[in-house]
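Novice: My structure is below; once you've seen it, I'll send some questions.
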Amino acid sequence: MEKRIRVLVAKPGLDGHDRGAKVVARALRDAGFEVIYTGLRQTPEQIAEAALQEDVNVVAMSILSGAHPHLFPKIVKLVREKGLTDALIIGGGVIPEGDIPALKEAGVAGVFTPGTPTGDIIKFIKENVK
Amino acid sequence: MDIAQELLNGSRLALSRAITAIENEYDEATDIMRKLYPHTGNAFVLGITGPPGAGKSTLTDRLATAYRKMGKTVGIIAVDPTSPFSGGAILGDRIRMNDLTLDEGVFIRSMGTRGSLGGLSQKTADAVKAMDAFGKDIIFVETVGVGQSEVDIVKAADTTMVVLIPGMGDDIQAIKAGILEIGDVFAINKADHDGADKLNIELNMMLDLDGNMNDWRPPIQQVVASQSKGIDELIAKIEEHYAHIKENGQLTIRRTERTRNEILDILHGSIGGYITKKIVATGKLDEYVQQIKEHEADPYSIVSGIIKDMLK
Numbered sequence: 804m805e806k807r808i809r810v811l812v813a814k815p816g817l818d819g820h821d822r823g824a825k826v827v828a829r830a831l832r833d834a835g836f837e838v839i840y841t842g843l844r845q846t847p848e849q850i851a852e853a854a855l856q857e858d859v860n861v862v863a864m865s866i867l868s869g870a871h872p873h874l875f876p877k878i879v880k881l882v883r884e885k886g887l888t889d890a891l892i893i894g895g896g897v898i899p900e901g902d903i904p905a906l907k908e909a910g911v912a913g914v915f916t917p918g919t920p921t922g923d924i925i926k927f928i929k930e931n932v933k
Numbered sequence: 093m094d095i096a097q098e099l100l101n102g103s104r105l106a107l108s109r110a111i112t113a114i115e116n117e118y119d120e121a122t123d124i125m126r127k128l129y130p131h132t133g134n135a136f137v138l139g140i141t142g143p144p145g146a147g148k149s150t151l152t153d154r155l156a157t158a159y160r161k162m163g164k165t166v167g168i169i170a171v172d173p174t175s176p177f178s179g180g181a182i183l184g185d186r187i188r189m190n191d192l193t194l195d196e197g198v199f200i201r202s203m204g205t206r207g208s209l210g211g212l213s214q215k216t217a218d219a220v221k222a223m224d225a226f227g228k229d230i231i232f233v234e235t236v237g238v239g240q241s242e243v244d245i246v247k248a249a250d251t252t253m254v255v256l257i258p259g260m261g262d263d264i265q266a267i268k269a270g271i272l273e274i275g276d277v278f279a280i281n282k283a284d285h286d287g288a289d290k291l292n293i294e295l296n297m298m299l300d301l302d303g304n305m306n307d308w309r310p311p312i313q314q315v316v317a318s319q320s321k322g323i324d325e326l327i328a329k330i331e332e333h334y335a336h337i338k339e340n341g342q343l344t345i346r347r348t349e350r351t352r353n354e355i356l357d358i359l360h361g362s363i364g365g366y367i368t369k370k371i372v373a374t375g376k377l378d379e380y381v382q383q384i385k386e387h388e389a390d391p392y393s394i395v396s397g398i399i400k401d402m403l404k
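From first to last, the protein sequence lines are chains A and B.
Following my numbering, the numbering of the first sequence begins with 804 at its first residue and continues without gaps.
Following my numbering, the numbering of the second sequence begins with 93 at its first residue and continues without gaps.
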């Protein structure tokens with residue numbers, strides 16, 4: 804059996820900063836994951852549909868525009884509605900500490916802010932992926 | 093859930109899960125394929141290959157968009173290489189196809205090559221069948237055209253299109269790459285760049301040298317995928333080839349040959365898998381390795397010994 808952890812790295816919202824997403828994508832690849840990267844400015848609907856078609860185990864969202872309180876919960880909801888009930892959903896970017904509890908409440912399992920070593924993200928995925 | 097039945101009922105999630113089962117070689121994959129098989133054979137399978145950066149994904153996106161306008165449903169399987177070092181992969185073909193994501197008539201799946209020994213072509217072929225059974229009219233299989241495994245994948249196609257771009261080196265490169273033999277249709281992408289006409293001439297000269305051409309000379313179409321130029325003309329050539337092989341019986345021959353290879357591949361895979369599992373389970377593998385290391389035996393004798401034991 805050749806199971807691989809498949810991760811969708813998604814950039815919702817309108818900011819054009821994908822350096823972080825690319826660094827994470829590269830680190831996840833080097834950890835042996837299959838990373839599907841869909842590029843900038845994705846709508847929540849596009850992200851959820853891509854997650855469905857790719858049957859990913861993890862959806863990793865990156866946002867730097869400040870729209871996370873609106874977009875992250877919406878994506879969680881849409882991904883679940885598609886039937887991906889087990890997918891691990893995580894997020895990262897410039898996210899104020901105060902926003903994190905609400906995001907977790909909405910179903911974002913892990914939130915990673917600037918300065919997080921990529922190793923922490925890999926560890927979190929390995930420990931929590933179903 | 094009954095994945096095969098749900099898939100046949102039109103569930104996109106079931107299609108997605110079926111491909112996962114195929115890719116990960118889950119036990120249920122065999123059962124799924126068994127149920128789907130009677131519903132396959134209706135789709136037109138177009139293989140798309142060419143060197144990295146030739147614009148295969150962008151071209152696939154434009155072709156798929158055009159086929160959608162013609163009312164056809166589309167499946168896309170985009171294969172990208174797995175890193176031989178980490179086993180991971182970055183599958184980025186979707187970046188060029190974002191406009192198709194929300195079209196319900198399109199289903200895109202990215203696959204990593206995962207370094208499986210020859211097994212990839214079988215998995216890709218099964219993924220194609222899953223999309224076929226799902227009811228897709230046309231299925232694109234897109235892969236980097238370097239190496240045997242990629243050529244094998246492309247062999248699963250009814251029509252194979254090779255995408256080339258100007259400025260990749262002289263005509264000797266085209267011969268070396270060996271891709272001339274597999275192209276039924278050639279697309280010269282980025283034809284607005286210098287050297288497109290020269291490449292066109294060189295390709296034609298190469299095709300002139302090909303003695304194996306019976307009644308089909310692969311046509312060449314210049315396109316600029318990023319500007320959607322030449323797409324309709326390219327589709328006309330693709331369709332012409334498909335009609336041609338349908339008419340002269342080549343399609344039946346190709347598909348028969350494919351079925352033959354399929355039986356042999358599955359047979360090899362099953363027997364190989366069975367024996368490997370047994371040997372690993374007995375724990376003798378390390379013993380054999382040790383024997384070879386100590387020069388007490390050689391791998392050939394050990395393997396024939398294993399086979400003799402198995403066939404008892």
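Ideal Cβ positions, reconstructed from N, Cα and C, are used throughout, including at glycine.
Remember, it's a predicted structure, so these values are computed and weren't measured experimentally.
Mind reading off the beta-carbon distance from B/Ile330 to B/Val277? Whole number of angstroms is fine, and I expect it under 8 Å.
Specialist: By one-based count along the second sequence, residue 330 of chain B stands at place 238. By one-based count along the second sequence, residue 277 of chain B stands at place 185. Yes, B/Ile330 and B/Val277 are in contact; Cβ-Cβ is about 6 Å, under 8 Å.
Novice: Are B/Glu234 and B/Lys148 closer than 7 Å when you measure CB to CB?
Specialist: The residue given as residue 234 of chain B occupies position 142 in the second sequence. The residue given as residue 148 of chain B occupies position 56 in the second sequence. Closer than 7 Å, so yes.
Novice: So, is A/Glu908 buried or exposed, given that buried needs 16 or more other C-beta atoms within 10 angstroms?
Specialist: What you label residue 908 of chain A is simply residue 105 of the first sequence in a count that begins at 1. By the neighbour-count rule (16 or more Cβ atoms within 10 Å), A/Glu908 is not buried but exposed.
Novice: Relative to the C-alpha of A/Ile892, which candidate in A/Lys885, A/Ile850, A/Asp818 and A/Val862 has its C-alpha closest?
Specialist: In the first sequence, residue 892 of chain A corresponds to position 89, counting from 1. With distances taken between Cα atoms, A/Ile892 lies closest to A/Val862.
Novice: If you draw a straight line from the C-alpha of B/Leu291 to the C-alpha of B/Ala170, how long is it?
Specialist: Here residue 291 of chain B corresponds to residue number 199 of the second sequence, with the count starting at 1. Here residue 170 of chain B corresponds to residue number 78 of the second sequence, with the count starting at 1. So the two alpha carbons sit approximately 26 Å from each other.
Novice: Tell me the DSSP secondary structure of B/Ala283 in three-state form.
Specialist: Position 191 of the second sequence, counted from the start, is the residue given in the question as residue 283 of chain B. Reduced to three states, the DSSP call for B/Ala283 is coil.
Novice: Give the C-beta separation of A/Gly901 and A/Val879 to the nearest angstrom, bearing in mind that I take them to be a contact with Cβ-Cβ under 8 Å.
Specialist: As a working mapping, residue 901 of chain A is identified with position 98 in the first sequence. As a working mapping, residue 879 of chain A is identified with position 76 in the first sequence. Actually they are not in contact, since the Cβ atoms of A/Gly901 and A/Val879 sit about 19 Å apart, beyond 8 Å.
Novice: If you check the beta carbons only, do A/Asp923 and B/Ser178 fall under 7 Å apart?
Specialist: As a working note, residue 923 of chain A is residue 120 in the first sequence. As a working note, residue 178 of chain B is residue 86 in the second sequence. No; because the gap between Cβ atoms is not below 7 Å, this pair is not in contact.
Novice: Would you identify the three-state DSSP class for A/Glu837, choosing helix, strand or coil?
Specialist: The count along the first sequence starts at 1 and reaches residue 837 of chain A at position 34. The answer is strand: DSSP assigns A/Glu837 an E or B state.
Novice: For A/Asn860, count neighbouring Cβ atoms within 10 angstroms of its own Cβ and tell me buried if that reaches 16, exposed if not.
Specialist: Here residue 860 of chain A is taken as the residue at index 57 of the first sequence, counted from 1. When all chains shown are included, A/Asn860 counts as buried.
Novice: Pick helix, strand or coil for A/Lys933, following the three-state DSSP scheme.
Specialist: Residue 933 of chain A sits at position 130 when you count from the first residue of the first sequence. Coil, per DSSP.
Novice: Which residues does DSSP pair with B/Glu234 in a beta bridge?
Specialist: Counting from 1 along the second sequence, the entry for residue 234 of chain B is found at position 142. B/Ile140 and B/Ala170, per the DSSP bridge assignment.
Novice: With a cut-off of 7 Å, does the C-beta of B/Val275 fall near any C-beta of chain A?
Specialist: Stepping through the second sequence from its first residue, residue 275 of chain B is reached at position 183. For clarity, residue 275 of chain B is Gly in the given sequence; the question names Val instead. No, no contact with chain A.
Novice: Any chance you could list the beta strand (DSSP E) runs of at least 3 consecutive residues sitting entirely within the stretch 100–148 of chain B, in chain order?
Specialist: The qualifying runs are 136–142.
Novice: Answer yes or no: does any C-beta atom of chain A fall closer than 7 Å to that of B/Thr157?
Specialist: Within the second sequence, residue 157 of chain B is the residue found at index 65, counting from 1. Cβ-Cβ to chain A under 7 Å: no for B/Thr157.
Novice: Quick one: what's got a C-beta closer than 8 Å to B/Lys385's C-beta in the same chain, skipping five residues either side?
Specialist: The residue given as residue 385 of chain B occupies position 293 in the second sequence. Answer for B/Lys385: no residue qualifies.
Novice: To the nearest angstrom, how far is it from the Cα of B/Leu301 to the Cα of B/Tyr366?
Specialist: Against the second sequence, residue 301 of chain B aligns to sequence position 209. Against the second sequence, residue 366 of chain B aligns to sequence position 274. Answer to the nearest angstrom: the Cα atoms are 46 Å apart.
Novice: Could you tell me whether the Cβ of A/Lys907 comes closer than 7 Å to any Cβ of chain B?
Specialist: Counting from 1 along the first sequence, the entry for residue 907 of chain A is found at position 104. Not an interface residue.
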